[in-house]
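For the numbering used here, add 34 to where a residue sits in the sequence shown, where the first one is 1. Cβ coordinates follow ideal geometry from the N, Cα and C atoms, glycine included. None of the values given here were measured: they were computed from a predicted structure. See below for the structure under consideration.
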Amino acid sequence: MEEFDKTPIAEELAKKQKSISVAEFFEKNRHILGFDSAPRALITTIKEAVDNALDACEEAGILPDLLVEVSRSEGDYIQIVIEDNGPGIVKEQIPKVFAKLLYGSRFHALKQSRGQQGIGISAAVLYSQITTGKFTKIISKVDHKSPAHYYELMIDTSTNEPSILEDKIVDWPNAHGTRIEIEMAASYVKGRKQSVSEYLKSTAIINPHARIRLVEPDGNEILFERATDQIPKQAEEVLPHPHGMELGTLMKMLQNTDRQKLAPFLRYSFSKIGLQTADEICDAAGLDKEADPHNLDRNDAVKLLNAFKKTKIAVPSTSCLSPITEDLIYQGLKKEFSVDFIATASRKPAIYSGNPFVVEVGVAYGGNFPKDDKAQIMRFANRVPLLYQQGACASTRAIESIKWKQYGISQPGGGVPFGPFVILIHIASTNVPFTSESKDAIADIDIIREETELAVKEVARKLKTYLGKQGDLAKRREKEVIITKLLPQMAEKVAAMVEKPVPDIQPAVANIMGNLLVNRTIDAGTGSQSHLNFVSLAVRNYGTAQRKFKVHQILPCEITSPSPPPSSVVNLGSSYDYIWEVSLAAGASKVFRFTLDGADDNELAHMDEVIVEGMDEEDVTGAKALNEMF
Numbered sequence: 035m036e037e038f039d040k041t042p043i044a045e046e047l048a049k050k051q052k053s054i055s056v057a058e059f060f061e062k063n064r065h066i067l068g069f070d071s072a073p074r075a076l077i078t079t080i081k082e083a084v085d086n087a088l089d090a091c092e093e094a095g096i097l098p099d100l101l102v103e104v105s106r107s108e109g110d111y112i113q114i115v116i117e118d119n120g121p122g123i124v125k126e127q128i129p130k131v132f133a134k135l136l137y138g139s140r141f142h143a144l145k146q147s148r149g150q151q152g153i154g155i156s157a158a159v160l161y162s163q164i165t166t167g168k169f170t171k172i173i174s175k176v177d178h179k180s181p182a183h184y185y186e187l188m189i190d191t192s193t194n195e196p197s198i199l200e201d202k203i204v205d206w207p208n209a210h211g212t213r214i215e216i217e218m219a220a221s222y223v224k225g226r227k228q229s230v231s232e233y234l235k236s237t238a239i240i241n242p243h244a245r246i247r248l249v250e251p252d253g254n255e256i257l258f259e260r261a262t263d264q265i266p267k268q269a270e271e272v273l274p275h276p277h278g279m280e281l282g283t284l285m286k287m288l289q290n291t292d293r294q295k296l297a298p299f300l301r302y303s304f305s306k307i308g309l310q311t312a313d314e315i316c317d318a319a320g321l322d323k324e325a326d327p328h329n330l331d332r333n334d335a336v337k338l339l340n341a342f343k344k345t346k347i348a349v350p351s352t353s354c355l356s357p358i359t360e361d362l363i364y365q366g367l368k369k370e371f372s373v374d375f376i377a378t379a380s381r382k383p384a385i386y387s388g389n390p391f392v393v394e395v396g397v398a399y400g401g402n403f404p405k406d407d408k409a410q411i412m413r414f415a416n417r418v419p420l421l422y423q424q425g426a427c428a429s430t431r432a433i434e435s436i437k438w439k440q441y442g443i444s445q446p447g448g449g450v451p452f453g454p455f456v457i458l459i460h461i462a463s464t465n466v467p468f469t470s471e472s473k474d475a476i477a478d479i480d481i482i483r484e485e486t487e488l489a490v491k492e493v494a495r496k497l498k499t500y501l502g503k504q505g506d507l508a509k510r511r512e513k514e515v516i517i518t519k520l521l522p523q524m525a526e527k528v529a530a531m532v533e534k535p536v537p538d539i540q541p542a543v544a545n546i547m548g549n550l551l552v553n554r555t556i557d558a559g560t561g562s563q564s565h566l567n568f569v570s571l572a573v574r575n576y577g578t579a580q581r582k583f584k585v586h587q588i589l590p591c592e593i594t595s596p597s598p599p600p601s602s603v604v605n606l607g608s609s610y611d612y613i614w615e616v617s618l619a620a621g622a623s624k625v626f627r628f629t630l631d632g633a634d635d636n637e638l639a640h641m642d643e644v645i646v647e648g649m650d651e652e653d654v655t656g657a658k659a660l661n662e663m664f
C-alpha cells in the first residue's frame with residue numbers, strides 16, 4: 035500500500051521543469067556564438083561591433099570611419115574600444131540593442147545585411163559580464179545638435195532584459211556615431227590567419243569604401259585606408275521568390291495571409307508573380323484561383339509547390355542584394371596585396387529556399403605569396419569575413435572539387451590547389467545558410483556550391499590565359515637575350531671584315547621578335563636654317579597583327595611644323611608631352627616629323643626617350659614601353 039501513496043515520478047520531474055530565457059541558454063552555451071576560446075572571443079566581439087557599424091553607416095549613406103583599439107587591463111583582461119561615425123542610436127533603443135539577445139530590425143526583412151539574428155553584440159556583452167563581472171560602456175549620439183547618451187549596461191539573464199547601471203548625458207566631440215567599451219577574458223594574437231589584424235584586413239578588402247584604424251595592445255597602429263568613396267548600393271526589402279520555397283513555410287504563409295483569394299495571395303506574397311503568372315500557377319496546380327487560401331490543406335500546398343516548378347517564373351530581382359561588384363573587388367585586392375595579376379567574376383542571381391543569392395569571386399596571383407604552399411582562401415558572406423571552419427564551408431568544397439591541373443595549377447592529391455595566389459569568394463544573400471549560429475561556414479547546399487564552382491572556374495580560365503602569356507613572354511625574353519648578345523658580335527665581326535661602321539641591329543632584332551620598332555633621328559639644319567633641328571620618329575610594326583598605341587615625346591620646348599600634328603599636347607609645367615595616337619597594320623610604318631627651334635647640343639643629347647603607351651615592354655624595340663601608365 036505504501037508504494038501507491040507515493041507521488042508519481044512524472045509529477046516530481048514536472049516540478050523541476052521551468053522555462054529558461056534565451057540569455058540563460060547562451061550563458062551556458064556561449065561556444066555556439068563563437069566564444070569558445072580566448073583568441074576567438076576577441077575576434078567575435080570585434081566582428082560583431084564592426085558589422086553593426088558598417089551596416090549603420092551604409093544605411094545612413096555615410097562613408098565609414100572606424101576605430102578599433104585593443105589594450106590589456108588589470109586582472110589580465112582585454113579591453114576593447116570600437117568607435118564609428120555612423121548615425122548613432124536613439125536613446126530608448128541603446129539598452130535593448132546592447133543588452134537584450136534576439137533584438138534587432140533585420141530578422142524579418144528579406145534583404146541582404148551583415149547580421150540578421152539579433153544576437154551578435156549583445157552576446158559579447160553577455161560574455162564580458164560572465165568572464166569579468168563588469169558592465170559595458172556605451173556612448174551614442176545621433177546628431178551634432180543632440181546630446182551624447184552614456185550607458186553602463188549588463189544583461190539580466192533570468193529575463194533577457196537590460197540592466198541599466200548608469201544613464202547620463204556626457205560631452206563627446208564626435209558629431210554622430212557610437213562607441214562601445216567592453217572588457218573580457220580574451221587574448222590578442224599576431225601572425226595568424228585567425229587574428230584581429232587579419233580579420234580587419236579581410237574586412238577592408240571586401241569593404242573597400244571603409245577606413246579602419248587598428249591600435250594594437252603594444253601601441254602599434256595599422257591603417258586600412260579606403261580604396262573608393264563609392265558607398266555600396268542600398269539593398270531593398272523584397273518578397274520571397276517561389277522557386278526554392280519549402281512546404282512548411284508555404285503552409286504558414288497560406289494561413290497567415292490577409293488575402294481572401296488564392297490568385298491575389300500569390301501576386302502579393304511572392305516576387306515576380308503577376309496576373310498571368312498567378313493564373314498559370316493555379317491552373318498547373320488544379321486549384322481555383324478564387325479559393326480562400328486559409329481553407330487549403332497540406333495536399334493543396336504540395337500542388338502549389340509543384341506548380342511553382344512547372345511554371346516559368348522570371349528570375350529574382352537583385353534589388354534586395356548589394357553585391358560588391360567586380361571592379362570594387364579588384365580595387366580591394368589591389369589595395370591590400372602587391373601582386374602581378376588580378377581577375378574577378380560574378381554570377382547571375384540564383385535561388386536557394388526562395389532566397390536570391392549572388393556569388394562573386396576574385397583571384398590575386400604572384401607577388402610575395404609563397405609558391406610551394408596551398409593557395410589562400412578568403413571566404414565572405416554579406417561582406418563579412420569567415421575565418422573559422424574553412425573545411426566545412428561550401429566555398430572551400432567548391433574549390434576542392436575543381437581539377438586545377440587543367441588550368442595550369444598544381445593540385446597534388448586533390449583538395450586546395452598550390453601556388454602563389456589568393457582566391458576570394460563572396461556570397462551575397464537575403465539569408466545565408468550558415469552551418470551554425472556562430473556564422474563561420476556556409477552550409478554545403480548543392481546550388482550554392484555549384485554556383486561558386488562556376489564562378490571560380492571563370493577566374494581560373496583567366497588565370498590560365500595569364501600564365502600562358504607569361505610562359506610565352508618568358509620564352510620571348512630568353513630568345514631576345516640570345517639575339518641581343520649574338521647579333522652585336524656578328525655585326526662587329528662582319529663590320530671589321532669589310533672595314534665599315536657597325537650597323538644598327540635594332541631593325542633586325544625587331545623583325546626577328548615581331549616587335550614594334552621606333553627609330554628617332556635628328557638632323558641639324560644648314561645655312562639660314564642652322565638654328566633648326568629636324569626630328570623624325572619612324573614607327574614600324576613587325577608584328578603579325580594590327581596594333582593600336584600612343585607615341586609620347588616629352589620636350590622642354592614647343593615644336594613647330596609637326597606632320598602629322600599630334601593628337602594632343604599636355605603642358606607639364608617646364609615641358610610639354612606631345613602625343614600621337616597610332617593604329618598600324620601588320621608590316622606597316624608611319625613617320626612623325628617636327629622641328630625644334632634653338633635647341634642646343636646638350637638639350638638634344640639629353641632629350642627624353644620616346645615612350646610607347648599601351649604595349650608591353652617585350653613587344654617594343656627602340657623606345658620605352660609603359661602599358662596603361664598615362
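inquiry  = Output needed for P541: all residues of its chain with C-beta closer than 7 Å, excluding positions within five of it in sequence on either side, in chain order.
reply    = Position 507 of the sequence shown holds residue 541. L551.
query = How should N416 be labelled, buried or exposed, when 16 other C-beta atoms within 10 angstroms of its C-beta is the threshold for buried?
reply = Here residue 416 refers to the residue found at position 382 when the sequence shown is read from its first residue. Looking at its Cβ environment, which holds 16 or more other Cβ atoms inside 10 Å, N416 is buried.
ask   = How about V395 and I436: do their beta carbons lie closer than 9 Å?
value = Reading the sequence shown from its first residue, position 361 is the one you call residue 395. Reading the sequence shown from its first residue, position 402 is the one you call residue 436. In this structure, I436 does not lie closer than 9 Å to V395 by Cβ.
task = Reducing DSSP to helix, strand and coil, say where Y576 ends up.
result = Locating residue 576 in the sequence shown gives position 542, counting from the first residue. Three-state result, Y576: coil.
ask   = Around the C-beta of V397, are 16 or more other C-beta atoms found within 10 angstroms, so that it is buried, or is it exposed?
value = Start at 1 with the first residue of the sequence shown, and residue 397 comes out as number 363. Counting Cβ neighbours within 10 Å, V397 comes out buried, since at least 16 surround it.
query = Just how far apart, CA to CA, sit T655 and Q523?
reply = Indexing the sequence shown from 1 puts residue 655 at position 621. Indexing the sequence shown from 1 puts residue 523 at position 489. The alpha-carbon atoms of T655 and Q523 are separated by roughly 19 Å.
ask   = Whose C-beta lies closer than 6 Å to the C-beta of C91 among residues of the same chain, with five residues either side of it excluded?
value = The residue you call residue 91 lines up with position 57 of the sequence shown. Cβ neighbours of C91 beyond the five flanking positions: P98 and G120.
request  = Could you spell out the range, first to last residue, of the alpha helix (DSSP H) harbouring E370?
outcome  = Along the sequence shown, one-based indexing puts residue 370 at 336. Unbroken alpha helix (DSSP H) run through E370: E360 to E370.
ask   = Are three or more beta carbon pairs between the region 475-482 and the region 361-378 nearer than 8 Å?
value = By the C-beta criterion, the region 475-482 is judged not to be in contact with the region 361-378, since fewer than 3 inter-stretch pairs fall below 8 Å.
request  = Just mark R574 as buried or exposed, buried being the case when its beta carbon has 16 or more other beta carbons within 10 Å.
outcome  = The residue labelled residue 574 in the question sits at position 540 within the sequence shown. With 16 or more other Cβ atoms inside 10 Å of its own Cβ, R574 counts as buried.
Rounded separation between P446 and A426 - CA only = Residue numbering aside, residue 446 sits at position 412 when the sequence shown is read from its first letter. Residue numbering aside, residue 426 sits at position 392 when the sequence shown is read from its first letter. Distance from the CA atom of P446 to the CA atom of A426, rounded to whole angstroms, is 20 Å.
ask   = Which same chain residues, not among the five before or five after A348, have their C-beta less than 6 Å away from its C-beta?
value = Counting from one through the sequence shown, the residue named residue 348 turns up at place 314. By the criterion of a C-beta distance shorter than 6 Å, A348 is surrounded in its chain by K306, once the five residues flanking it on both sides are discounted.
Buried versus exposed, by CB contacts within 10 Å (16 or more), G138 = The sequence position of residue 138 within the sequence shown is 104, counting from 1. Residue placement at G138 cannot be trusted, given a pLDDT of 49 that sits under 50; what the coordinates show is reported in the next sentence. Under the 10 Å beta carbon count, G138 is surrounded by 16 or more other beta carbons and is classified as buried.
key: Pairwise C-alpha distance: E615 and L355   = Translated into positions along the sequence shown, residue 355 becomes position 321. Translated into positions along the sequence shown, residue 615 becomes position 581. Looking at the two C-alpha atoms, the distance is approximately 42 Å.
request  = Just the C-alpha distance for V230 and V84, rounded to the nearest angstrom, thanks.
outcome  = For this step, residue 230 is matched to residue 196 along the sequence shown. For this step, residue 84 is matched to residue 50 along the sequence shown. The straight-line gap from Cα to Cα measures roughly 12 Å.
query = In or out: Q163 buried (at least 16 other Cβ within 10 Å) or exposed?
reply = Residue mapping note: residue 163 aligns to position 129 of the sequence shown, counting from 1. Its Cβ being crowded by 16 or more others within 10 Å, Q163 is buried.
request  = Could you pull out every unbroken beta strand (DSSP E) segment of at least 3 residues lying fully inside the region 164-224, listed in chain order?
outcome  = For the region 164-224, the continuous beta strand (DSSP E) assignments of 3+ residues that do not extend past its boundaries occur at 170-175, 182-190, 195-204 and 211-218, in sequence order.
inquiry  = What does DSSP give as the partner residue(s) for V249 in the beta ladder?
reply    = What you label residue 249 is simply residue 215 of the sequence shown in a count that begins at 1. E103 and E255.
message = Please give me, in chain order, every unbroken run of the beta strand (DSSP E) with length at least 3 that falls completely inside the region 255-295.
response = Restricted to the region 255-295, the beta strand (DSSP E) segments that are unbroken, complete and at least 3 residues in length are 255-258, listed in chain order.
task = State the DSSP-derived secondary structure class of L11, mapped to helix, strand or coil.
result = This structure cannot speak to residue 11, because the chain is shown only from 35 to 664.
inquiry  = Within a Cβ cutoff of 7 Å, which residues of the same chain sit near P670, ignoring the five residues on either side of it in sequence?
reply    = Coverage of the chain is limited to positions 35 through 664, which leaves residue 670 absent and any answer about it impossible.
task = Take E103 as the anchor and find which of A94, R495, S623 and D118 has the nearest alpha-carbon.
result = The residue you call residue 103 lines up with position 69 of the sequence shown. Per the Cα distances, D118.
query = In whole angstroms, what separates the C-alpha of V543 from that of F628?
reply = As a first step, residue 543 must be located in the sequence shown, where it is residue number 509. As a first step, residue 628 must be located in the sequence shown, where it is residue number 594. Those two C-alpha atoms are separated by around 27 Å.
task = Out of G401, P251 and L497, point me to the one whose CA is closest to S105's CA.
result = The residue you call residue 105 lines up with position 71 of the sequence shown. For S105, the closest C-alpha among the options G401, P251 and L497 is that of P251.
inquiry  = According to DSSP, simplified to helix, strand and coil, what is Y233?
reply    = Locating residue 233 in the sequence shown gives position 199, counting from the first residue. Assigned with DSSP and collapsed to three states, Y233 falls in helix.
ask   = Which class does I96 belong to by DSSP, given the choice of helix, strand or coil?
value = Start at 1 with the first residue of the sequence shown, and residue 96 comes out as number 62. When secondary structure is reduced to three states using DSSP, I96 falls in the coil class, being assigned neither helix nor strand.
query = If V392 and P357 are in contact, beta carbons under 8 Å, what's the gap, nearest whole angstrom?
reply = Mapped onto the sequence shown, residue 392 falls at position 358. Mapped onto the sequence shown, residue 357 falls at position 323. Contact between V392 and P357 holds: their C-beta atoms lie close to 5 Å from each other, under 8 Å.
query = Is it buried or exposed for A334, if we count other Cβ within 10 angstroms and need 16 for buried?
reply = Residue numbering aside, residue 334 sits at position 300 when the sequence shown is read from its first letter. Reading off the sequence shown, one finds Asp at residue 334, where the question assumed Ala. Result: buried.
request  = Quick one: give me the first and last residue of the alpha helix (DSSP H) that L355 is part of.
outcome  = What you label residue 355 is simply residue 321 of the sequence shown in a count that begins at 1. According to the DSSP assignment, L355 belongs to no alpha helix (DSSP H), since it is labelled neither H nor E.
inquiry  = Within 10 Å of its beta-carbon, does R581 have 16 or more other beta-carbons around it, so buried, or fewer, so exposed?
reply    = Walking along the sequence shown from the start, residue 581 turns up at place 547. Buried, by the Cβ-count rule.
query = Starting from T594 and walking both ways along the alpha helix (DSSP H), at which residues does that stretch end?
reply = Residue 594 sits at position 560 when you count from the first residue of the sequence shown. No alpha helix (DSSP H) contains T594, which is instead part of the beta strand (DSSP E) from T594 to S597.
ask   = From T499 to P298, what distance separates their C-alpha atoms?
value = As a position in the sequence shown, residue 499 is number 465, starting the count at 1. As a position in the sequence shown, residue 298 is number 264, starting the count at 1. Going by the C-alpha atoms only, they are around 52 Å apart.
ask   = Are the C-beta atoms of R431 and some chain B residue less than 9 Å apart?
value = As a matter of chain content, chain B is missing from the structure shown, which is built from one protein chain.
task = Within the same chain, show all residues whose beta-carbon is closer than 6 Å to that of S197, passing over the 5 residues directly before and after it, in chain order.
result = Along the sequence shown, read from residue 1 onward, the residue named residue 197 stands at position 163. Taken in chain order, the residues that qualify are M188 and D190.
query = In angstroms, rounded to a whole number, what distance separates the CA positions of K130 and I114?
reply = Counting from one through the sequence shown, the residue named residue 130 turns up at place 96. Counting from one through the sequence shown, the residue named residue 114 turns up at place 80. Going by the C-alpha atoms only, they are around 20 Å apart.
query = Going along the chain, which residues of its own chain have a beta-carbon closer than 7 Å to the beta-carbon of E195, five neighbours each way excluded?
reply = Start at 1 with the first residue of the sequence shown, and residue 195 comes out as number 161. Non-local beta-carbon contacts of E195 in its own chain, meaning distances under 7 Å to residues more than five positions away in sequence, involve K134 in chain order.
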